[in-house]
Amino acid sequence: MARMRLKNKVAVVTGAGRGIGRAIVTIFAQEGAKVVVNYNSSQKEASMVVEEIRKMGGEALMIGADVSKADEVKSMIQRTVEHFGRVDILVNNAGIMIPSSFLESSEENWDQTMDVNLKGAYLCCREVAPIMLEQSKGKIINISSISGLFERSAVACVDYVVSKAGMIGLTRALAVHLGPTINVNAICPGTVETDIVASLDPETKKLMRDESLLKRLGKPEEIAYTALFLASNESDFITGEILTVAGGRGMR
Ligand code: NAP
27 MARMRLKNKV
37 AVVTGAGRGI
47 GRAIVTIFAQ
57 EGAKVVVNYN
67 SSQKEASMVV
77 EEIRKMGGEA
87 LMIGADVSKA
97 DEVKSMIQRT
107 VEHFGRVDIL
117 VNNAGIMIPS
127 SFLESSEENW
137 DQTMDVNLKG
147 AYLCCREVAP
157 IMLEQSKGKI
167 INISSISGLF
177 ERSAVACVDY
187 VVSKAGMIGL
197 TRALAVHLGP
207 TINVNAICPG
217 TVETDIVASL
227 DPETKKLMRD
237 ESLLKRLGKP
247 EEIAYTALFL
257 ASNESDFITG
267 EILTVAGGRG
277 MR
């Protein structure tokens with residue numbers, strides 16, 4: 027049962043047409059937020075998400091933008107403010123992983139991964155921060171990964187691991203630079219059943235399941251409920267934190 031914890035808040039969620047982003051935007055809308063459903067290539071999926079949210083009485087706006095492009099991010103945030111009048115919550119969820127071993131990796135894949143996963147988050151933060159500062163409150167949530175934290179998970183592609191570790195640094199640095207007005211936190215999901223995981227081989231997926239104390243992979247909603255907590259007033263005294271949501275995998 028929704029408690030309307032985000033009533034009248036405006037939330038921008040990047041990469042919200044599929045996977046974890048889709049779950050976040052849906053749960054935010056159920057909790058009363060007006061949401062921007064950002065997509066890059068999944069226009070059809072994003073329009074279905076918007077339709078579902080409108081059917082349940084919520085407000086959603088679909089905006090296509092490649093988060094790695096500064097001009098597209100700028101226009102996405104401008105359109106958000108024109109339409110909804112403000113931005114209270116940003117979730118940097120958009121991310122890619124291009125499977126490759128280190129020795130077979132390419133500079134092109136490195137650049138693409140950094141551009142989407144890390145620069146994309148930086149660009150979105152840079153656009154929303156002045157608006158949130160002006161409003162005297164804001165919440166930024168970065169979806170990093172357990173790969174950025176835990177050495178056994180660092181078997182994933184090197185460029186992906188580095189981009190996700192970078193998001194942890196970005197989170198801490200921005201918590202310092204944007205405090206006391208804006209709370210900036212990161213979530214490090216373990217393995218969650220979405221398209222990004224479908225590209226992993228069955229052996230790796232089994233290893234990830236076995237390493238989890240709960241002996242299973244996560245569901246997108248389980249990351250979304252953590253994002254809801256960090257977006258709501260219930261987490262007002264939390265900033266600069268890196269919250270692992272991984273069924274006990276990598277527990278130290
Ligand atoms: P997914 O199903 O593959 O979805 C990735 C999302 O990122 C899509 O909505 C995609 O949008 C968006 N995206 C990719 N490039 C983009 C760009 N240039 N501009 C805007 N959006 C872009 O993956 P997921 O599992 O939901 O992952 C969501 C986030 O969680 C990622 O940051 C991922 O690294 C992180 N994560 C996932 C797991 C996991 O096990 N699933 C674990 C740890 C962390 P389009 O389809 O519209 O291009």
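Add 26 to a position in the sequence shown, counting from 1, and you land on the number used in the working numbering.
Think of the CB as a built atom: it goes at the ideal place given N, C-alpha and C, for glycine as much as any other residue.
For residue i and residue j, what's the separation of their Cα atoms in angstroms?
i: phenylalanine 110; j: leucine 159; result: 17 Å
i: serine 162; j: isoleucine 122; result: 32 Å
i: alanine 253; j: serine 126; result: 30 Å
i: arginine 178; j: glutamate 108; result: 45 Å
i: lysine 100; j: lysine 145; result: 13 Å
i: leucine 256; j: isoleucine 167; result: 7 Å
i: arginine 242; j: proline 206; result: 38 Å
i: glutamine 69; j: glycine 274; result: 35 Å
i: arginine 198; j: methionine 102; result: 25 Å
i: glycine 276; j: glycine 45; result: 23 Å
i: alanine 212; j: glutamate 237; result: 22 Å
i: alanine 155; j: lysine 165; result: 10 Å
i: tryptophan 136; j: isoleucine 124; result: 9 Å
i: leucine 3; j: arginine 112; result: With the chain covering only 27 through 278, there is no way to say anything about residue 3.
i: threonine 139; j: threonine 217; result: 18 Å
i: leucine 175; j: methionine 74; result: 34 Å
Rounded to the nearest angstrom, how far is the Cβ of residue i from that of residue j, given a contact under 8 Å?
i: threonine 270; j: valine 210; result: Their Cβ separation, rounded to whole angstroms, is 17 Å, which puts threonine 270 and valine 210 out of contact at 8 Å.
i: alanine 55; j: isoleucine 89; result: At roughly 15 Å, the Cβ-Cβ gap does not stay under 8 Å, so alanine 55 and isoleucine 89 are not in contact.
i: alanine 120; j: threonine 40; result: 4 Å
i: serine 59; j: lysine 95; result: The question names serine, but residue 59 is alanine in the sequence shown. In fact, because the Cβ distance is near 25 Å, the residues do not count as touching under 8 Å.
i: valine 187; j: valine 142; result: Valine 187 to valine 142, Cβ: 15 Å. No contact.
Within the 7 Å Cβ cut-off, does residue i reach chain D?
i: aspartate 92; result: Going by chain labels, chain D is absent from the structure shown, which holds only one protein chain.
Are there 16 or more other CB atoms within 10 angstroms of the CB of residue i, so buried, or fewer, so exposed?
i: glutamate 57; result: buried
i: aspartate 221; result: exposed
i: leucine 200; result: buried
i: methionine 82; result: exposed
i: asparagine 118; result: buried
i: tyrosine 251; result: exposed
i: leucine 129; result: exposed
i: serine 171; result: buried
i: methionine 30; result: exposed
i: leucine 5; result: Any question about residue 5 goes unanswered here, given that the chain covers just 27 to 278.
i: alanine 72; result: buried
i: alanine 49; result: buried
> What alpha helix (DSSP H) runs, 4 residues minimum, are completely inside the stretch 188 to 251?
Replying inline: 221 to 224, 228 to 237
> Can you list, in chain order, the stretches of the alpha helix (DSSP H) that have 4 or more residues and sit fully within the stretch 36 to 90?
Replying inline: 45 to 56, 69 to 81
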